[in-house]
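All residue numbers for the sequence shown refer to full-length UniProt numbering, where the first residue is 1 and numbers rise by one.
Positions of the beta carbon are idealized from the N, C-alpha and C atoms, including for glycine.
One structure is given here, and the rest of the page talks about it.
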Amino acid sequence: MGTRRCPPTLFRSEFQEAALSDASSAGDLTRILDRGLGGEDMGWSRSGRMIAAYLRDNWRNLPYETGASIAAAVELSEMTVIRFIRQLGYSNLKDVKEALKSAEPREGADVEDLARRLNVQNLQNEELEQGFQDEVSAISEVYKLTALPRWGYCTDLLARSEFVNIVGFSYVKGMALDFATRLQLMRPQARFVEKGCGLYPEILDMSGRNHCLVIVDTSENPRKAAHLAERVRAQAIPLIIVTDRRSNWAYDYTELVLQAPSHPTARWSSPAPMAIALNLLLSSVFAAIGPAAATRYGRLTQPTEQIDEPPRPAGRQLILGDL
Numbered sequence: 001m002g003t004r005r006c007p008p009t010l011f012r013s014e015f016q017e018a019a020l021s022d023a024s025s026a027g028d029l030t031r032i033l034d035r036g037l038g039g040e041d042m043g044w045s046r047s048g049r050m051i052a053a054y055l056r057d058n059w060r061n062l063p064y065e066t067g068a069s070i071a072a073a074v075e076l077s078e079m080t081v082i083r084f085i086r087q088l089g090y091s092n093l094k095d096v097k098e099a100l101k102s103a104e105p106r107e108g109a110d111v112e113d114l115a116r117r118l119n120v121q122n123l124q125n126e127e128l129e130q131g132f133q134d135e136v137s138a139i140s141e142v143y144k145l146t147a148l149p150r151w152g153y154c155t156d157l158l159a160r161s162e163f164v165n166i167v168g169f170s171y172v173k174g175m176a177l178d179f180a181t182r183l184q185l186m187r188p189q190a191r192f193v194e195k196g197c198g199l200y201p202e203i204l205d206m207s208g209r210n211h212c213l214v215i216v217d218t219s220e221n222p223r224k225a226a227h228l229a230e231r232v233r234a235q236a237i238p239l240i241i242v243t244d245r246r247s248n249w250a251y252d253y254t255e256l257v258l259q260a261p262s263h264p265t266a267r268w269s270s271p272a273p274m275a276i277a278l279n280l281l282l283s284s285v286f287a288a289i290g291p292a293a294a295t296r297y298g299r300l301t302q303p304t305e306q307i308d309e310p311p312r313p314a315g316r317q318l319i320l321g322d323l
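Structure representation (structure tokens):
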């Protein structure tokens, strides 16, 4: 989905004045970040969107961040980070921290209450208790994705496109396959595409067809996914990328990026937020399609009649071919 870019001078004269007045409150600043990342034309460059995504997704860690650490995280120069902060209407990172501080979700009490109700407040293993806190927090953040404008665009594409292709890479390939299988149960012409030799003719040779592509990948070095996304963008094929918040590469190729949180446990990142995000997306598509999805799902999930096997001759030994 392409967006028209405003000239930098026009952007500064109109949008920055609005930012200076509106972003004085934390709620306004977060709305500006969400609007820009949701596809609204803010005049941001590719690097600006990457920085905006990092600010939005890591505000809890901002008190410990510097311009240099943010630049290193998004693989840009510190000067680029400073320019974008000024473009938002702030003189420096300290002002951004102050604005976001009051906007930080007050979720601690809710998590503690849930822990008490589930009787896990006093887990013997401190590491396990911290993992529980992280998982609950991540689930809460996943559900907030549904409020973004781009969520609605993704839902509409998956519900209305004639064909939907799904591709998965790295260790989340299985999640992509599961997503494709369940999407097939609620609408026709949805399929999981194996990478094969890496040419993807099933996707790239559909000129004139109403279709879209979903890429699921969380690799920090997504060479294969990025190569496919580049070719898809060149053909103006609508593209949805589902990834995690450590992977800002997706904004190079589409505005329709859904980033699940990737809160690390003691030893690795949990796959739960990604699975929940994909499941929520399926639920939204199911609701968007309406009764036709329920009818199709009911028809395709009916158990097939069990076929009775013919009786074996008496005294015959079971051989390998009978299995």
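Cβ-Cβ distance between residue i and residue j below 8 Å
i	j	result
Leu239	Ile215	yes
Arg150	Leu256	yes
Leu145	Leu258	yes
Leu183	Val164	yes
Tyr251	Arg86	no
Val96	Leu158	no
Thr155	Ala288	yes
Glu162	Gln130	no
Residue i, buried or exposed, once every other Cβ within 10 Å from all chains shown has been counted against 16
i	result
Glu98	exposed
Ser47	buried
Asn248	buried
Gly137	Per the sequence shown, the amino acid found at residue 137 is Ser instead of Gly. Flag for Ser137 reads buried.
Ala109	Confidence in Ala109 is poor, its pLDDT being 46 and thus under 50, which makes the residue's placement unreliable; the coordinate value appears in the next sentence. Counting Cβ neighbours within 10 Å, Ala109 comes out exposed, since fewer than 16 surround it.
Asn210	exposed
Thr301	exposed
Gly38	buried
Pro222	buried
Asp178	buried
Pro291	exposed
Asp205	exposed
Ala213	Strictly speaking, residue 213 in this sequence is Leu, with Ala absent from that position. Buried.
Glu141	buried
Asp134	buried
Leu128	exposed
8 Å Cβ shell around residue i - same chain, five flanking residues per side excluded
i	result
Met175	Gly168, Val216, Pro271, Met274, Ala275 and Leu278
Ser24	For Ser24, the predicted structure reports a pLDDT of 47, less than 50, and the residue's modelled location is therefore unreliable. The matter cannot be settled from this model.
Tyr253	Ala226, Ala229, Glu230, Val232, Arg233, Leu239 and Ile241
Tyr200	Val167, Val193, Leu228 and Arg231
Ala208	Here the sequence assigns Gly to residue 208, which means Ala is not the residue at that position. Result list for Gly208: empty, nothing under 8 Å.
Arg245	Ala53, Asp57, Asn58, Gln259, Ala260, Pro261 and Ser262
Closer than 7 Å: residue i CB and nearest the ligand ADP heavy atom
i	result
Ala275	This structure lacks the ligand ADP; in fact it carries no ligand of any kind.
Bridge partner(s) assigned by DSSP for residue i
i	result
Arg191	Asn165
Asp244	Ala260
Leu239	Leu213
Residue range of the unbroken beta strand (DSSP E) whose run includes residue i
i	result
Val214	His211 to Val216
Host alpha helix (DSSP H) of residue i (start-end)
i	result
Glu78	Glu78 to Gln87
Tyr153	Pro149 to Arg160
Glu202	Pro201 to Leu204
Ser69	Gly67 to Val74
Ala234	Arg223 to Ala234
Pro303	Taken as a continuous stretch (DSSP letters only), Pro303 belongs to no alpha helix (DSSP H), as it is neither H nor E.
Pro273	Ala272 to Ile289
Ser45	No alpha helix (DSSP H) holds Ser45; DSSP gives it neither H nor E.
Ala180	Lys173 to Met186
Same chain only: Cβ atoms within 6 Å of residue i, ignoring 5 sequence neighbours per side
i	result
Pro303	none
Glu78	Gly67, Ala68 and Ala71
Cβ-based neighbour list, residue i, same chain, cut-off 7 Å, excluding 5 preceding and 5 following
i	result
Ala293	Met186, Arg187 and Phe286
Arg106	Per-residue confidence for Arg106 stands at a pLDDT of 45, beneath the threshold of 50, marking its modelled position as unreliable; the derived number appears in the next sentence. Closer than 7 Å at Cβ, skipping near neighbours: no residue.
Ser170	Asp217, Thr218 and Ser219
Val81	Ile51, Gly67, Ile70 and Ala71
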